[in-house]
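S.K.: My structure is below; once you've seen it, I'll send some questions.
Numbering (the numbering used here), first residue to last: 227 to 456.
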């Protein structure tokens, strides 16, 4: 594991990784807004993405009104449950910046699995391509709520409902592989020694959800030394 694969960037620790990730997000946002007038960002749950959100709220950014925020996945829990990804997203970032409420597209899982899938599918109909998709990775190599061994790789729908998640809660809503991949830029954030075995399997070309996804233009893997070397 001495030579990094193409598109991989190695960082000393998670904090420097998060700072550089925020630089990439802002750079992509500015480019997208200059070209199209808007920036469509898909967010991820997890410790490192949440640190990115904390850093984003410190940015002296003048074009928040042109940002549109989406979610890669959400747990089917009450709207105010602290275990929802949307709760962390608002607490770390969205409550501090003037992104219009109508631009924040959370997944309404408080309405139940099937209804949430239907409504979020309708939400995404107006979005041809995302500008940047953020992805984290679990210790088993899952990303969003796409888990190893689950047969949802070939699903043609944009949004899928999961009722047998191997991690609690059992019910989740996730963007599909094809919808997550329909983005100009993809940023995978991998940190912590607990991820090392999955990273090793990834580099050994074992099929994991995290390595089944690539963007239309650029795919980046930001990884810290603890995850890479163990």
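The beta carbon of each residue, even a glycine, is placed where N, CA and C say it ideally should be. Here the structure is a predicted model, which means the values were calculated and not measured.
Decide if residue 312 is buried, meaning its Cβ has at least 16 other Cβ atoms within 10 Å, or exposed.
M.R.: On the chain shown, residue 312 is found 86 positions in, with the first residue counted as 1. Flag for residue 312 reads buried.
S.K.: Quick check on this structure: which residue in 429, 267, 445 and 424 has the alpha carbon closest to the alpha carbon of residue 365?
M.R.: Here residue 365 corresponds to residue number 139 of the chain shown, with the count starting at 1. Of 429, 267, 445 and 424, the residue nearest in Cα terms is 424.
S.K.: Is residue 348 a contact residue of the ligand ZN, with contact defined as CB to any heavy atom under 6 Å?
M.R.: Summarising the ligand content, the structure contains no ligands, and the ligand ZN is consequently not present.
S.K.: When you compare only the Cα positions, how much space is there between residue 191 and residue 270?
M.R.: Residue coverage of the chain in this structure runs from 227 to 456, which leaves residue 191 outside it and unanswerable.
S.K.: Between residue 303 and residue 229, what straight-line distance do the alpha-carbon atoms span, to the nearest angstrom?
M.R.: Against the chain shown, residue 303 aligns to sequence position 77. Against the chain shown, residue 229 aligns to sequence position 3. Straight-line Cα distance between these residues: approximately 42 Å.
S.K.: Report yes if the C-beta distance between residue 264 and residue 292 is below 7 Å; otherwise report no.
M.R.: As a position in the chain shown, residue 264 is number 38, starting the count at 1. As a position in the chain shown, residue 292 is number 66, starting the count at 1. Going by C-beta atoms, residue 264 is nearer than 7 Å to residue 292.
S.K.: Just reading off the beta strand (DSSP E) that residue 175 is part of, what are its end residues?
M.R.: Any property of residue 175 remains undetermined from this structure, which presents the chain solely from 227 to 456.
S.K.: Could you tell me which of 241, 310, 341 and 296 sits nearest to residue 332, measuring between CA atoms?
M.R.: Here residue 332 is taken as the residue at index 106 of the chain shown, counted from 1. The residue with the shortest Cα to Cα distance from residue 332 is 296.
S.K.: Could you tell me whether the segment 345 to 353 touches the segment 246 to 264, using the rule of 3 or more Cβ pairs below 8 Å?
M.R.: No, the segment 345 to 353 does not touch the segment 246 to 264.
S.K.: With a CB to CB cut of under 7 Å and the five nearest residues on each side skipped, what residues in its chain are close to residue 206?
M.R.: Because the chain in this structure spans residues 227 to 456, residue 206 falls outside the shown range and cannot be described.
S.K.: What is the DSSP secondary structure of residue 288, counted as helix, strand or coil?
M.R.: Here residue 288 corresponds to residue number 62 of the chain shown, with the count starting at 1. The answer is coil: DSSP assigns residue 288 none of H, G, I, E or B.
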